[in-house]
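*Asks:*
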Amino acid sequence: MFDIGFWELLLIGVISLLVLGPERLPGAIRSTLKTVRSVRNMASGFKQEVEQQFRVHELHENLKKAESQNLENLSPELKQSVDELKAAAKSVQKPYQKDPS
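At the far end of the sequence shown sits residue 106, using the numbering used here, and the numbering has no gaps.
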């Protein structure tokens with residue numbers, strides 16, 4: 006991600022040791038690592054959200070194509086998308102169906 010080599014890291018370490026001192030350096034490293042982890046987790050969550058939105062958009066486009074063909078003579082890709090959407094619709098409707106007992 007960043008183009009930082011060994012010598013740059015060593016220089017940063019020596020400067021931080023001189024500025025912070027040996028007592029506060031471990032705490033500063035821990036807080037820096039905690040911040041980096043939280044930024045990575047946030048970026049990962051954002052990436053997953055965008056990928057999911059692209060997937061939803063793709064399914065929506067495939068459904069439009071399938072509807073334009075009146076759900077007949079569909080390509081395997083379109084048929085799979087329609088089947089996925091039907092399964093999702095059934096799973097959403099399941100909790101709301103009345104029990105026939």
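Here a beta-carbon is modelled for each residue, glycine too, at the ideal position from N, C-alpha and C.
Source: prediction; values computed, not measured.
(1) Could you tell me the alpha carbon to alpha carbon distance between L83 and S49, rounded to whole angstroms?
(2) Please classify F67 as buried or exposed, where buried requires at least 16 other C-beta atoms within 10 Å of its C-beta.
(3) Nearest to H62 by alpha carbon, out of S80, L90 and Q74?
(4) What is the rounded straight-line gap between the Cα of E77 and the Cα of A71?
(5) Can you look up L90 in the DSSP assignment and give me helix, strand or coil?
(6) Tell me the DSSP secondary structure of L25 in three-state form.
(7) Is the CB-CB distance between L22 and L14 below 9 Å?
(8) Taking its Cβ as the centre, do 16 or more other Cβ atoms sit within 10 Å of S73, making it buried, or is it exposed?
(9) Please report the distance separating the alpha-carbon of Q85 from that of A94.
*Replies:* Reading it off the structure:
(1) 29 Å
(2) As written in the sequence, residue 67 is Asn, which differs from the Phe given in the question. With 16 or more other Cβ atoms within 10 Å, it is buried.
(3) L90
(4) 8 Å
(5) helix
(6) helix
(7) Not a contact, by the Cβ cut-off of 9 Å.
(8) exposed
(9) Straight through space, the alpha carbons of A94 and Q85 are spaced by roughly 14 Å.
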